[in-house]
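Engineer: Position 347 (the sequence shown) corresponds to 346 in numbering that gives the first Met the number 0; numbering is contiguous.
All C-beta atoms, glycine included, are put in the ideal place defined by N, C-alpha and C.
Fair warning: this is a prediction, and the values are worked out from it, not measured in the lab.
Below is the structure I would like to discuss, written out as structure tokens.
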Amino acid sequence: MNTSKVKPQSTFMCFLIMLFLNSFVDLGHKIIIQNTVFKVYDGQQQIILIAVVNSLILLPYVLLFTPAAYFSNRFALVRVMRISAWVAFACSLLITYFYYQGWYQQAFVMTLVLAIQSAIYSPAKYGYIKQLMGEKALVTANAKVSVATIVAILSGTLIFSVLFEWMLKKNGLEIGAYTKSNIILAIAPLGWILVVSTLFELLMAYRLPHIRSQSKSKPLSFQWQNYFSGRSLSTQIKSVTSTPRVFYSILGLSVFWGLSQMVLAAFPAYAKQHLLENNTAIIQAILACSGLGIFMGSSMVARFSKRILDHPSAINALRMQLIPTGAVGVALSLAIIPFIDAKIGLAMCFFGVGFFGAFFMVPLNAIIQSFAKPEQVGTILASNNWMQNISMLSFLGLTILSALGGFNSVWLFYLIAVLAAVASLFYLRHGFRDFMQFVFGGLFHLRYKITPQAKQQGIAAFPEQGAVLLLGNHISWIDWALVQLAVPRPIRFVIDKEFYDHWLLHGLLKHINTIPISPKRSKEAIKQIQNALKNGDVICLFPEGRISEDGELNQFKAGFELSIRNTDVNIIPFYIQGMQGSRLSRVAEPRASLSDVLLLRRRKIKLIMAEPIKTIKAAELEEKVFGLSRL
Numbered sequence: 000m001n002t003s004k005v006k007p008q009s010t011f012m013c014f015l016i017m018l019f020l021n022s023f024v025d026l027g028h029k030i031i032i033q034n035t036v037f038k039v040y041d042g043q044q045q046i047i048l049i050a051v052v053n054s055l056i057l058l059p060y061v062l063l064f065t066p067a068a069y070f071s072n073r074f075a076l077v078r079v080m081r082i083s084a085w086v087a088f089a090c091s092l093l094i095t096y097f098y099y100q101g102w103y104q105q106a107f108v109m110t111l112v113l114a115i116q117s118a119i120y121s122p123a124k125y126g127y128i129k130q131l132m133g134e135k136a137l138v139t140a141n142a143k144v145s146v147a148t149i150v151a152i153l154s155g156t157l158i159f160s161v162l163f164e165w166m167l168k169k170n171g172l173e174i175g176a177y178t179k180s181n182i183i184l185a186i187a188p189l190g191w192i193l194v195v196s197t198l199f200e201l202l203m204a205y206r207l208p209h210i211r212s213q214s215k216s217k218p219l220s221f222q223w224q225n226y227f228s229g230r231s232l233s234t235q236i237k238s239v240t241s242t243p244r245v246f247y248s249i250l251g252l253s254v255f256w257g258l259s260q261m262v263l264a265a266f267p268a269y270a271k272q273h274l275l276e277n278n279t280a281i282i283q284a285i286l287a288c289s290g291l292g293i294f295m296g297s298s299m300v301a302r303f304s305k306r307i308l309d310h311p312s313a314i315n316a317l318r319m320q321l322i323p324t325g326a327v328g329v330a331l332s333l334a335i336i337p338f339i340d341a342k343i344g345l346a347m348c349f350f351g352v353g354f355f356g357a358f359f360m361v362p363l364n365a366i367i368q369s370f371a372k373p374e375q376v377g378t379i380l381a382s383n384n385w386m387q388n389i390s391m392l393s394f395l396g397l398t399i400l401s402a403l404g405g406f407n408s409v410w411l412f413y414l415i416a417v418l419a420a421v422a423s424l425f426y427l428r429h430g431f432r433d434f435m436q437f438v439f440g441g442l443f444h445l446r447y448k449i450t451p452q453a454k455q456q457g458i459a460a461f462p463e464q465g466a467v468l469l470l471g472n473h474i475s476w477i478d479w480a481l482v483q484l485a486v487p488r489p490i491r492f493v494i495d496k497e498f499y500d501h502w503l504l505h506g507l508l509k510h511i512n513t514i515p516i517s518p519k520r521s522k523e524a525i526k527q528i529q530n531a532l533k534n535g536d537v538i539c540l541f542p543e544g545r546i547s548e549d550g551e552l553n554q555f556k557a558g559f560e561l562s563i564r565n566t567d568v569n570i571i572p573f574y575i576q577g578m579q580g581s582r583l584s585r586v587a588e589p590r591a592s593l594s595d596v597l598l599l600r601r602r603k604i605k606l607i608m609a610e611p612i613k614t615i616k617a618a619e620l621e622e623k624v625f626g627l628s629r630l
């Protein structure tokens, strides 16, 4: 089917329902097996067995990395998803039969078979997102996919855990009388929920259209001798590492999910020993709060992406801001867990892990899909699965070794917190500027609102790359923040050296690459500005040289003219309107009324930008900016 004939919005819901049902079934059967282990075993033995269960579920993603990539590269993605749905339906029928026979071992083996089906299915479903929704909607689409998946996890966890406990009670099974066989027999009717769910999943798969790949290249051939020798794996890993953005995105996701596996393996034992909780429904409900957090976080990411400009640089800036913010939030949430014994407090911690995890995961998934070439989409996405599952298996292996070494669940959480802190420091080091921009941007948005009119004046035409010099009026102490909030690319600001050298601000200002300037050392600053422009940076300076005392324009100084000599730069004049009379300006204003305070009314700001020009004199610039003030 041709892409032009596809109606993405009308079919995307069917796609989301299919993903929901697939995750719901996988999670439901896993919960039954895991809860059975919880009921029968205790302590470190329980930690080890739950880690083994999760490891076997992950193993197919590692072993079938190359075939999964080949299938998604070679065949239509819809075809792969439909065949996978048929396999899931057959598995659910067989699982239900094993439940009714009381065959725990056979039912457990089917967990591995479902995992094999999911390993083949996963690259196809994520590759289909870009085919169906396109490049611009990737962040929003991934957020919705995350929401659908998390809703499936939440509902599956709660429904199967509650029904699990209810059926044990209904059949008269109590603590001390549990065996694997009688537990499986007691919950056998739950198998029909799996059967019906996979049937509807199959129906949704057949509602999805075939979409032709945009690639004209032939996919790489698949040879079993290369697969068993490891050559195919080596080739595909190189295709990932050759694109650093993709590689580091996959690495970040891998660490996040690895830590998540440690938490899932350690928490049931922690709850049983330290909270004295034996009800699996309550334990799973606490863990499910992380899923609720991912739901809320993904929804917020989707909301952020709708608010930003339809501008590639703005979309990329949002991604870069969310990633370090999410990493720090996840680390802090995990670090608190070992110090809390109250169930409600633990639920809030897990909510935080999921909420900030969404800030981290959704942008990284979007980056991976964005930079995956059409002919390599299966390879890249299967590589993503492979690396994530290698990481999860490694972390689960660390969990098993720790338990065998005598570490209890509390010490495991200490270890998890340390590992999360190390990972967050890595992303914070490489994205500190973006992190600070997101944090301060959020704080300023509480008080100030940049109106849509500001964005229509010149932001849409803002150059995606290359040197840009922003020149405008200086009306308040936070003009720099207002400009950065509206501009889709990171900005280097020129700042008075007196403030730059202040002991409280110097470290931060140096880290975000501001350029200090003073009358005595203006030549040095001009040279730095020239070098930055030659490197393609965005520079902002205020030619007035000081904040206006009365709200009117001061005379523009001509120093910037020296900065643009022998440089290919886009000069964008701007005017900040609405900060006159603000408490952060030098023009006094009356105190805010009680109604303004109670209703949290925000000051409306306009940032009016002219079209980019190549050269301008100081007097012409002053006249241009004055003209913008009249718009």
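Rounded to a whole number of angstroms, what is the C-alpha to C-alpha distance between alanine 453 and alanine 422?
Structural biologist: Only weak support exists for where alanine 453 lies, its pLDDT of 42 falling under 50; the value from the coordinates is given anyway. When rounded, the distance between both Cα atoms is 38 Å.
Engineer: Please return the same chain residues whose Cβ sits closer than 7 Å to the Cβ of serine 248, not counting the five positions on each side in sequence.
Structural biologist: The residues are Leu363, Ile366 and Ile367.
Engineer: Can you give me the C-alpha to C-alpha distance between isoleucine 82 and serine 196, rounded to a whole angstrom?
Structural biologist: Roughly 16 Å between the two C-alpha positions.
Engineer: Ignore the nearest five residues each way along the sequence and tell me which others in isoleucine 399's own chain have a CB closer than 7 Å to its CB.
Structural biologist: The residues are Ile47 and Ala50.
Engineer: Below 8 Å on the Cβ atoms is my guess for alanine 185 versus asparagine 384; work out the distance and round it to an integer in Å.
Structural biologist: Not confirmed; about 35 Å, so no contact.
Engineer: Suppose contacts are defined by Cβ-Cβ distances below 8 Å. Is isoleucine 494 in contact with leucine 508 by that definition?
Structural biologist: Yes, these two residues count as a Cβ contact at 8 Å.
Engineer: Tell me whether the segment 513-531 and the segment 571-585 touch, counting them as touching only if at least three CB pairs, one residue from each stretch, are closer than 8 Å.
Structural biologist: No, they do not touch.
Engineer: Here's a check: name, in chain order, each residue in its chain whose Cβ is nearer than 6 Å to the Cβ of leucine 55, leaving out the five neighbours to either side.
Structural biologist: So the qualifying residues of the chain are Leu111.
Engineer: When the Cα atoms are used, what is the spatial distance from serine 628 to isoleucine 615?
Structural biologist: Near 18 Å, if we compare the C-alpha coordinates of isoleucine 615 and serine 628.
Engineer: Counting beta carbon pairs with one atom in the segment 31-47 and one in the segment 74-91, are three or more of them shorter than 8 Å?
Structural biologist: Verdict: no, contact absent.
Engineer: Should phenylalanine 412 be counted as a contact of the ligand FAD given a C-beta to heavy atom distance under 7 Å?
Structural biologist: Among the components modelled here there is no ligand, and therefore nothing to report on the ligand FAD.
Engineer: From the DSSP output, read off the bridge partner residues of serine 584.
Structural biologist: Beta-bridge pairing links serine 584 to Ser475.
Engineer: Is the separation between the beta-carbon of serine 289 and that of phenylalanine 350 shorter than 8 Å?
Structural biologist: Contact flag set, yes.
Engineer: Cα separation between phenylalanine 163 and asparagine 278?
Structural biologist: So the two alpha carbons sit approximately 10 Å from each other.
Engineer: Go to arginine 78, then tell me how far its beta strand (DSSP E) extends in each direction, as first and last residue.
Structural biologist: From DSSP, arginine 78 is part of no beta strand (DSSP E) but of the alpha helix (DSSP H) over 76-100.
Engineer: Would you call proline 451 buried or exposed, if buried means 16 or more other Cβ atoms sit within 10 Å of its Cβ?
Structural biologist: In this prediction, proline 451 has a pLDDT of 41, which is less than 50 and means its spatial position is unreliable; nothing more can be read from the coordinates.
Engineer: Quick one: is serine 3 buried, meaning 16 or more other Cβ sit within 10 Å of its Cβ, or exposed?
Structural biologist: Residue placement at serine 3 cannot be trusted, given a pLDDT of 41 that sits under 50; what the coordinates show is reported in the next sentence. Serine 3 is exposed by the Cβ-count criterion.
Engineer: Just the C-alpha distance for glutamine 43 and alanine 204, rounded to the nearest angstrom, thanks.
Structural biologist: So the alpha carbons of these two residues sit roughly 42 Å apart.
Engineer: Output the distance between the C-alpha atoms of leucine 395 and glycine 257, rounded to the nearest integer angstrom.
Structural biologist: Computed Cα separation, rounded: 7 Å.
Engineer: In the DSSP assignment, find the unbroken beta strand (DSSP E) run with valine 245 in it and report its ends.
Structural biologist: No beta strand (DSSP E) contains valine 245, which is instead part of the alpha helix (DSSP H) from 243-273.
Engineer: In this structure, does DSSP put isoleucine 322 in helix, strand or coil?
Structural biologist: Isoleucine 322 falls in the helix class under three-state DSSP.
Engineer: Can you round the beta-carbon distance between methionine 578 and isoleucine 604 to whole angstroms, since I take them to be within the 8 Å contact cut?
Structural biologist: The pair is a contact, with the Cβ atoms about 6 Å apart (cut-off 8 Å).
Engineer: Considering only the beta carbon of each residue, do leucine 26 and glycine 155 sit closer than 8 Å?
Structural biologist: Cβ atoms of leucine 26 and glycine 155: closer than 8 Å.
Engineer: Would you mind listing the beta strand (DSSP E) stretches within the segment 484-533 that are 3+ residues and don't spill past its ends, in chain order?
Structural biologist: The segment 484-533 contains these whole beta strand (DSSP E) runs: 490-495 and 514-516.
Engineer: Can you round the beta-carbon distance between phenylalanine 657 and alanine 151 to whole angstroms, since I take them to be within the 8 Å contact cut?
Structural biologist: Residue numbering for the chain in the displayed model covers 0 to 630; residue 657 lies beyond these limits and cannot be assessed.
Engineer: Is the CB-CB distance between serine 332 and threonine 148 below 8 Å?
Structural biologist: No. Outside cutoff.
Engineer: Quick check: what's the CA-CA separation for asparagine 553 versus methionine 347?
Structural biologist: Those two C-alpha atoms are separated by around 52 Å.
Engineer: Please report the distance separating the alpha-carbon of serine 253 from that of alanine 617.
Structural biologist: Their backbone Cα atoms lie some 52 Å apart in a straight line.
Engineer: Which one or two residues does DSSP pair with methionine 203 in a beta bridge?
Structural biologist: Methionine 203 pairs with nothing; no bridge assigned.
Engineer: Valine 624 to phenylalanine 11, Cα distance in whole Å?
Structural biologist: Rounded to whole angstroms, valine 624 to phenylalanine 11 spans 46 Å at the Cα level.
Engineer: Where do the N-terminal and C-terminal ends of the beta strand (DSSP E) with phenylalanine 573 fall, by residue?
Structural biologist: Element bounds for phenylalanine 573: 569-576.
Engineer: Less than 8 Å between the C-beta atoms of alanine 419 and valine 329, yes or no?
Structural biologist: Cβ atoms of alanine 419 and valine 329: closer than 8 Å.
Engineer: I'd like the span of the beta strand (DSSP E) that includes lysine 603, first residue to last.
Structural biologist: It spans 602-608 - the beta strand (DSSP E) in which lysine 603 sits, taken as one unbroken run.
Engineer: Quick check on DSSP: helix, strand or coil for tyrosine 40?
Structural biologist: Tyrosine 40: coil per DSSP, three-state reduction.
Engineer: Is the distance from the Cβ of valine 61 to the Cβ of serine 71 below 8 Å?
Structural biologist: Contact flag unset, no.
Engineer: Using a 10 Å radius around the Cβ and a threshold of 16 neighbouring Cβ atoms, would you call alanine 264 buried or exposed?
Structural biologist: Alanine 264 should be labelled buried.
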